[in-house]
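Here is the structure we will look at.
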Amino acid sequence: MTMTYPTEPAVELLPVPFPDVAPDPAQPFPVLEHLSLRLKTYRHLLATQLAGPAGRRLLDLGSGPGHFARIAARQGFTVTAVDAREPWTLTGQSSKVPSRDYAFVRQDLRTFDRIDDFDVVALIGVLYHLTLEDQLAVLARCAGKTVIIDTELFDEAALPPDRRHRFTRRVTPQGYIGADCVERDAVYSSHLNPTSFWFEEASLTRCLADLGYTSIKIAEPAYRSAFGPRRWYLLHA
Numbered sequence: 055m056t057m058t059y060p061t062e063p064a065v066e067l068l069p070v071p072f073p074d075v076a077p078d079p080a081q082p083f084p085v086l087e088h089l090s091l092r093l094k095t096y097r098h099l100l101a102t103q104l105a106g107p108a109g110r111r112l113l114d115l116g117s118g119p120g121h122f123a124r125i126a127a128r129q130g131f132t133v134t135a136v137d138a139r140e141p142w143t144l145t146g147q148s149s150k151v152p153s154r155d156y157a158f159v160r161q162d163l164r165t166f167d168r169i170d171d172f173d174v175v176a177l178i179g180v181l182y183h184l185t186l187e188d189q190l191a192v193l194a195r196c197a198g199k200t201v202i203i204d205t206e207l208f209d210e211a212a213l214p215p216d217r218r219h220r221f222t223r224r225v226t227p228q229g230y231i232g233a234d235c236v237e238r239d240a241v242y243s244s245h246l247n248p249t250s251f252w253f254e255e256a257s258l259t260r261c262l263a264d265l266g267y268t269s270i271k272i273a274e275p276a277y278r279s280a281f282g283p284r285r286w287y288l289l290h291a
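Numbered per my numbering, the sequence shown spans residues 55 to 291.
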């Protein structure tokens, strides 16, 4: 299915075969099942959308413990994983794939300046931990690359009541709608910035178009996190 808008590129909805994890409101959020779904979906997207000769170079920015980076290495990519947070240094380095296929760099993704050396850039679970300005800068630096994104989306109605106090809805000077989120000092949270920006879904698509991405594939359906809707995107300049 293809949708065309007057000032936007074609947006293709990309079906994924895995059902969402249905959380039970009476139980804690199923964190492990949620991670399993994300890993399966990433593996599926690499195999069906980015299959190609071995040795292509993939950059995983904000790689965390390296789960997704190692999947890419096992599927034939030569991977460089980048993360600044100290707890992930040993985990990220202790890869279970051959060293020739995987390298870990401890560095802030905002200052990593070798994006041009790579064919594919992965931004998995990281954009919504950045300020709007840093998101725009990173996405602009990825221009000309294939980019795969997994990100939270702001949906005020879907936010659990006990999390709403962290979000302040706003319209940015660029006209994007979303919310500022108060980050927490946790290992899976932001690095150094106390607030981040979460896009509403339509505004994220608008932003990607404004940055010059001419092909935007959106995994369908969205899946749900502990905060609301979340999606995978595959971009080509």
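For each residue, glycine too, the CB sits at the ideal point set by N, CA and C.
So, with DSSP's three-state summary, where would you put residue i?
| i | result |
| --- | --- |
| Thr61 | Note that Thr61 scores 49 on pLDDT, short of 50, meaning its location in the model is unreliable; the coordinates nonetheless yield the value given after this. Note: Thr61 maps to coil in three-state DSSP. |
| Asp188 | helix |
| His245 | coil |
| Arg139 | coil |
| Glu66 | strand |
| Thr132 | strand |
| Ala263 | helix |
| Phe122 | helix |
| Ser153 | helix |
| Ser257 | helix |
Please name the residue in the options whose C-alpha comes closest to that of residue i.
| i | options | result |
| --- | --- | --- |
| Leu113 | Gln161, Arg92, Phe221, Leu89 | Gln161 |
| Ser117 | Ile203, Ala191, Leu190 | Ile203 |
| Pro82 | Arg284, Ala291, Ser279 | Ser279 |
| Pro283 | Leu68, Val65, Ala64, Val75 | Val75 |
| Leu89 | Asp209, His121, Leu193 | His121 |
| Ser269 | His290, Arg154, Phe251 | His290 |
| Arg356 | Leu104, Asp155, Asp264 | Since the first residue shown for the chain is 55 and the last is 291, residue 356 is missing from the structure and cannot be characterised. |
| Asp216 | Ser257, Arg92, Phe281 | Phe281 |
Given this structure, state the Cα-to-Cα distance separating residue i from residue j, to the nearest angstrom.
| i | j | result |
| --- | --- | --- |
| Arg195 | Thr185 | 15 Å |
| Tyr277 | Ala108 | 30 Å |
| Ala123 | Thr226 | 32 Å |
| Ala157 | Thr143 | 11 Å |
| Ala135 | Val192 | 15 Å |
| Glu210 | His98 | 30 Å |
| Phe131 | Arg168 | 17 Å |
| Leu67 | Thr95 | 15 Å |
| Asn247 | Pro77 | 30 Å |
| Glu274 | Arg285 | 8 Å |
Looking at the unbroken beta strand (DSSP E) that takes in residue i, where does it start and where does it end?
| i | result |
| --- | --- |
| Leu93 | No beta strand (DSSP E) holds Leu93; the alpha helix (DSSP H) holding it covers 85-103. |
| Ser269 | 269-274 |
| Val236 | 231-236 |
Please specify which runs of the beta strand (DSSP E), each continuous and at least 3 residues long, are wholly inside the stretch 158-222, giving them in chain order.
Within the stretch 158-222, the complete beta strand (DSSP E) runs of at least 3 residues are 174-178, 200-206.
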